[in-house]
């Protein structure tokens, strides 16, 4: 391990410790006001899992930033998450769901850091739209569809 790698590891560890040590993280935990120690342990566990996910996001974004010329400021964890939150589905008058806007160039760079692309986003959007439509289908219609499938002729 080089001195530079050791310093980077130390800095990322320090950031993680500060985030985990503080109960005012990006999760919105203001305090551990809970009724039992079991609930406090559950909160700490969720915070720990979220921190692992955040560390992975941080690592992938840092690698992508190192590959790019210049230092884009949108490759920080908060900026990247804020940018990706702009990807949303809207319901059309015919009941179908589609992406509200096209995936931007910045979003493509961020998605690329995670090994994803615009095609993947569009496929996920289509699948989520189908899932929402199926979940919104009235129960009676679902029952009728199941009865029709189960009928023997």
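In this note's numbering, the protein residues as written are 19 to 171. Where is the CB? At the ideal position from N, CA and C, for every residue including glycine. As the structure is a computational prediction, the values presented were derived from the model and not from experiment.
Three-state class that DSSP yields for residue i in the structure shown
i	result
residue 139	helix
residue 79	helix
residue 127	helix
residue 31	helix
residue 53	coil
residue 134	coil
residue 41	Its pLDDT being 48, under 50, residue 41 is placed unreliably by the model, and nothing is read from it.
Exposure label - residue i; buried when at least 16 CB within 10 Å
i	result
residue 27	exposed
residue 52	exposed
residue 109	exposed
residue 21	exposed
residue 123	exposed
residue 125	buried
residue 72	buried
residue 25	exposed
residue 88	exposed
residue 154	exposed
residue 98	buried
My parser needs the alpha helix (DSSP H) runs of 4 or more residues fully inside the region 56-121; what are they? 95-102
Does the count of Cβ pairs from the region 117-134 and the region 80-98 closer than 8 angstroms reach three? yes
Between the region 99-114 and the region 52-62, do at least 3 Cβ pairs fall closer than 8 angstroms? No, they do not touch.
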